[in-house]
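Visitor: These protein sequence lines map, in sequence, to chains A and B.
full-length UniProt numbering puts the first residue of the first sequence at 1, with every later residue one more than the last.
full-length UniProt numbering puts the first residue of the second sequence at 1, with every later residue one more than the last.
Yeah, the Cβ is synthetic: ideal placement off N, Cα and C, and Gly gets one too.
Dropping a structure here in structure tokens format, bear with me for questions.
Protein chains: 2
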Amino acid sequence: MMAQQGILIVLSGPSGTGKGTICQELLRSYPNLHYSISATTRSPRFGEANGVNYWFTSKEEFRTMISEDQLLEWAEVYGNYYGTPRRYVDQILADGEDVVLEIDTQGAIKIKEKFPQGVFIYIVPPSLGELAKRIYKRATDTPENIERRLGCATAEMNQVYSYNYVVVNDEVPAAVAKIKAIIEAEKCSVARSSELISKICNSVCNG
Amino acid sequence: MMAQQGILIVLSGPSGTGKGTICQELLRSYPNLHYSISATTRSPRFGEANGVNYWFTSKEEFRTMISEDQLLEWAEVYGNYYGTPRRYVDQILADGEDVVLEIDTQGAIKIKEKFPQGVFIYIVPPSLGELAKRIYKRATDTPENIERRLGCATAEMNQVYSYNYVVVNDEVPAAVAKIKAIIEAEKCSVARSSELISKICNSVCNG
Numbered sequence: 001m002m003a004q005q006g007i008l009i010v011l012s013g014p015s016g017t018g019k020g021t022i023c024q025e026l027l028r029s030y031p032n033l034h035y036s037i038s039a040t041t042r043s044p045r046f047g048e049a050n051g052v053n054y055w056f057t058s059k060e061e062f063r064t065m066i067s068e069d070q071l072l073e074w075a076e077v078y079g080n081y082y083g084t085p086r087r088y089v090d091q092i093l094a095d096g097e098d099v100v101l102e103i104d105t106q107g108a109i110k111i112k113e114k115f116p117q118g119v120f121i122y123i124v125p126p127s128l129g130e131l132a133k134r135i136y137k138r139a140t141d142t143p144e145n146i147e148r149r150l151g152c153a154t155a156e157m158n159q160v161y162s163y164n165y166v167v168v169n170d171e172v173p174a175a176v177a178k179i180k181a182i183i184e185a186e187k188c189s190v191a192r193s194s195e196l197i198s199k200i201c202n203s204v205c206n207g
Numbered sequence: 001m002m003a004q005q006g007i008l009i010v011l012s013g014p015s016g017t018g019k020g021t022i023c024q025e026l027l028r029s030y031p032n033l034h035y036s037i038s039a040t041t042r043s044p045r046f047g048e049a050n051g052v053n054y055w056f057t058s059k060e061e062f063r064t065m066i067s068e069d070q071l072l073e074w075a076e077v078y079g080n081y082y083g084t085p086r087r088y089v090d091q092i093l094a095d096g097e098d099v100v101l102e103i104d105t106q107g108a109i110k111i112k113e114k115f116p117q118g119v120f121i122y123i124v125p126p127s128l129g130e131l132a133k134r135i136y137k138r139a140t141d142t143p144e145n146i147e148r149r150l151g152c153a154t155a156e157m158n159q160v161y162s163y164n165y166v167v168v169n170d171e172v173p174a175a176v177a178k179i180k181a182i183i184e185a186e187k188c189s190v191a192r193s194s195e196l197i198s199k200i201c202n203s204v205c206n207g
């Protein structure tokens, strides 16, 4: 009897909604959850380790991964490649464990095309006004950049209909609790329970 | 701004799986959850009150409810009618609160036709062998009845594919926790969050 497949959880949303913090808290409070490590061709920064922060690869290796369809999604940013290797994700899921990945909206949509059985969760701010406040608080952006990011956030909200769930990041612990409930519920979905169902049906003689 | 609609939770499954106990525990641990009271034409038994255990109605009233499509499902058992009045359910859901009802497989399938937006949860025993033990333990059935009920349970397991979720009743508290996670997750589903999404999108100017 095969174990029930794990679940790929994709956390996404407009930038500035705190999906990174939520992802970290989720990993901390759910020890069996694995974090999907991205591959990149950029050089390691101080303190970054291969297989922890990223899989650091050469451009040649990365292009091979693209051509062999080994990536769930990839993008080129300022001359470097970034992507999500499929093999690592597949392996964990086959072992019956869950994987989370945190990615921008464009990446999430690409992953959904290749991996529709993932659970796609859109993290949103309580309001776009609140998002503006958060971006202002960071105070690392110019007013033009803030305006641009808010404009993007408004446009990105329309992407929500490509997702399965929407979670408001009002308080991080509450948002994490919702995501944990979503994972638990998904494990009970009939679509993911075919092994359980056949086990019960076959248990008449053995039970 | 309208409140988010409540959710109709339908608990069902083969007889003997303990869905009644689960329903009671769920109601106890979730004070805002409402129990859908059935209508019946049978006479009240000692201690039963109208609007608590059942809505006691005349056959004439019941037939009017059938003809006016006021019932989510109904059945005739030993000359008496039993059914689920739609109005009470609709009213609670419109107030943004949730309703649970516990019903046999046939009733659940009928409700799904009229109310596909409900959350249909199939409660199953850990194994059909375990179900046999539970039925034997009750010791209220003849061996023939037990055989018949087990046969039905096996056939009914095929109905699981009409449901959204399957929950194993191994331990009641664990099963109740799963159902609560399902309700919480459903509240985050994009399909049920249109009001939340438009609220966020409209918050740019007001936020």
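List the DSSP bridge partners of B:Gly83.
Guide: Locating residue 83 of chain B in the second sequence gives position 83, where the first residue counts as 1. Beta-bridge pairing links B:Gly83 to B:Ala39 and B:Trp74.
Visitor: Output, in chain order, the set of chain A residues within a Cβ distance shorter than 7 Å of B:Ser189.
Guide: Here residue 189 of chain B corresponds to residue number 189 of the second sequence, with the count starting at 1. The answer, in chain order, is Asn164 and Tyr165.
Visitor: Below 7 Å on C-beta distance, what does A:Ser193 contact in chain E?
Guide: Among the protein chains in the structure shown, which are A and B, there is no chain E.
Visitor: Within the 7 Å Cβ cut-off, does A:Met157 reach chain B?
Guide: Position 157 of the first sequence, counted from the first residue, corresponds to residue 157 of chain A. Interface residue, yes.
Visitor: Checking 7 Å against the spacing of the C-beta atoms, do A:Lys133 and A:Phe120 come in under that value?
Guide: Along the first sequence, read from residue 1 onward, the residue named residue 133 of chain A stands at position 133. Along the first sequence, read from residue 1 onward, the residue named residue 120 of chain A stands at position 120. In this structure, A:Phe120 does not lie closer than 7 Å to A:Lys133 by Cβ.
Visitor: By how many angstroms is the C-alpha of A:Tyr136 removed from the C-alpha of B:Thr105?
Guide: Sequence index remark: in the second sequence, residue 105 of chain B carries index 105 (1-based). Sequence index remark: in the first sequence, residue 136 of chain A carries index 136 (1-based). When rounded, the distance between both Cα atoms is 55 Å.
Visitor: In chain A, which residues lie with their C-beta within 8 Å of the C-beta of B:Leu26?
Guide: Taking the first residue of the second sequence as position 1, residue 26 of chain B is located at position 26. Those within 8 Å of B:Leu26 in chain A number zero; the least Cβ separation is about 14 Å.
Visitor: Determine the burial state of B:Gly79: buried for a count of at least 16 other Cβ atoms within 10 Å of its Cβ, exposed for fewer.
Guide: Stepping through the second sequence from its first residue, residue 79 of chain B is reached at position 79. With fewer than 16 Cβ atoms within 10 Å of its Cβ, B:Gly79 is classed as exposed.
Visitor: Should A:Arg45 be counted as a contact of the ligand COA given a C-beta to heavy atom distance under 6 Å?
Guide: The ligand COA is absent from the structure shown, which contains no ligands of any kind.
Visitor: Since A:Tyr161 meets chain B, which of its residues come closer than 9 Å, beta carbon to beta carbon?
Guide: Your numbering for residue 161 of chain A matches position 161 in the first sequence. The answer, in chain order, is Val190 and Ile197.
Visitor: At what residue ranges does the stretch 122–176 of chain B contain a whole run of the beta strand (DSSP E), taking only runs of 3 or more?
Guide: Segments of the beta strand (DSSP E) lying fully in the stretch 122–176 of chain B: 165–168.
Visitor: Please name the residue in A:Trp55, A:Asp170 and A:Met65 whose C-alpha comes closest to that of A:Leu131.
Guide: The sequence position of residue 131 of chain A within the first sequence is 131, counting from 1. Of A:Trp55, A:Asp170 and A:Met65, the residue nearest in Cα terms is A:Asp170.
Visitor: Taking Cβ to Cβ, would you say B:Glu25 is nearer than 7 Å to B:Val172?
Guide: Sequence index remark: in the second sequence, residue 25 of chain B carries index 25 (1-based). Sequence index remark: in the second sequence, residue 172 of chain B carries index 172 (1-based). Cβ distance < 7 Å, so B:Glu25 and B:Val172 count as in contact.
Visitor: Quick one: list the residues of chain B neighbouring A:Glu184, beta-carbon separation under 7 Å, in chain order.
Guide: Your numbering for residue 184 of chain A matches position 184 in the first sequence. Here the neighbours are Lys178 and Ala181.
Visitor: Are three or more beta carbon pairs between the stretch 149–160 of chain B and the stretch 10–18 of chain B nearer than 8 Å?
Guide: Touching, yes.
Visitor: For B:Asn164, which of B:Ala153, B:Thr40, B:Ser43 and B:Glu186 has the nearest alpha-carbon?
Guide: If you number the second sequence from 1, residue 164 of chain B lands on position 164. Nearest option by C-alpha distance: B:Glu186.
Visitor: Just the Cα atoms here: how many angstroms apart are A:Lys178 and B:Thr41?
Guide: Within the first sequence, residue 178 of chain A is the residue found at index 178, counting from 1. Within the second sequence, residue 41 of chain B is the residue found at index 41, counting from 1. Spanning the two alpha carbons is a distance of roughly 42 Å.
Visitor: May I ask you to list, following chain order, the residues of the stretch 97–124 of chain A that have a beta carbon less than 7 Å from some beta carbon of chain B?
Guide: Taking 7 Å as the Cβ-Cβ cut-off against chain B, the residues of the stretch 97–124 of chain A that qualify are Val124.
Visitor: Of the residues that make up the stretch 142–156 of chain B, which ones have a beta carbon closer than 8 Å to any beta carbon in chain A?
Guide: From the stretch 142–156 of chain B, only Leu150 and Thr154 have a Cβ closer than 8 Å to chain A.
Visitor: Under 8 Å Cβ-Cβ, which residues of chain A neighbour B:Ile135?
Guide: Here residue 135 of chain B corresponds to residue number 135 of the second sequence, with the count starting at 1. The contacting residues do not exist; B:Ile135 stays about 12 Å from chain A at best.
Visitor: Kindly indicate which three-state DSSP category B:Cys205 falls into: helix, strand or coil?
Guide: Here residue 205 of chain B is taken as the residue at index 205 of the second sequence, counted from 1. Low per-residue confidence applies at B:Cys205: pLDDT is 43, beneath 50, and the placement is therefore not dependable, though the value from the model is reported in the following sentence. Note: B:Cys205 maps to helix in three-state DSSP.
Visitor: Does A:Thr84 pass the burial test, meaning 16 or more other C-beta atoms within 10 Å, or should it be called exposed?
Guide: One-based indexing of the first sequence puts residue 84 of chain A at position 84. Answer is buried; the Cβ neighbour count reaches 16.
Visitor: Against chain A, with Cβ distances strictly below 7 Å, would B:Ile200 count as a contact?
Guide: Counting from 1 along the second sequence, the entry for residue 200 of chain B is found at position 200. So yes, B:Ile200 belongs to the interface.
Visitor: Counting only the same chain and skipping the five closest in sequence on each side, list residues whose C-beta sits under 6 Å from that of B:Asp98.
Guide: Here residue 98 of chain B corresponds to residue number 98 of the second sequence, with the count starting at 1. Hits under 6 Å: Gly6, Ile7 and Leu33.
Visitor: Does the beta-carbon of B:Phe46 have 16 or more other beta-carbons within 10 angstroms, so that it is buried, or is it exposed?
Guide: As a first step, residue 46 of chain B must be located in the second sequence, where it is residue number 46. B:Phe46 is exposed by the Cβ-count criterion.
Visitor: Tell me which residue opens and which closes the beta strand (DSSP E) that B:Phe56 is part of.
Guide: Within the second sequence, numbered from 1, the residue matching residue 56 of chain B stands at position 56. B:Phe56 -> beta strand (DSSP E) spans Tyr54 to Phe56.
Visitor: Please state whether DSSP places A:Ser189 in a helix, a strand or coil.
Guide: Here residue 189 of chain A refers to the residue found at position 189 of the first sequence. Note: A:Ser189 maps to strand in three-state DSSP.
Visitor: Are the CB atoms of B:Leu101 and B:Ser36 within a distance shorter than 7 Å?
Guide: As a first step, residue 36 of chain B is located in the second sequence; it is residue number 36 there, counting from the start. As a first step, residue 101 of chain B is located in the second sequence; it is residue number 101 there, counting from the start. Taking 7 Å as the Cβ cut-off, B:Ser36 and B:Leu101 qualify as a contacting pair.
Visitor: Quick one: measure Cβ to Cβ for A:Val166 and B:Cys188, integer angstroms, because I've assumed they're closer than 8 Å.
Guide: In the first sequence, the residue the question calls residue 166 of chain A occupies position 166. In the second sequence, the residue the question calls residue 188 of chain B occupies position 188. With a Cβ gap of about 6 Å, A:Val166 and B:Cys188 count as contacting.
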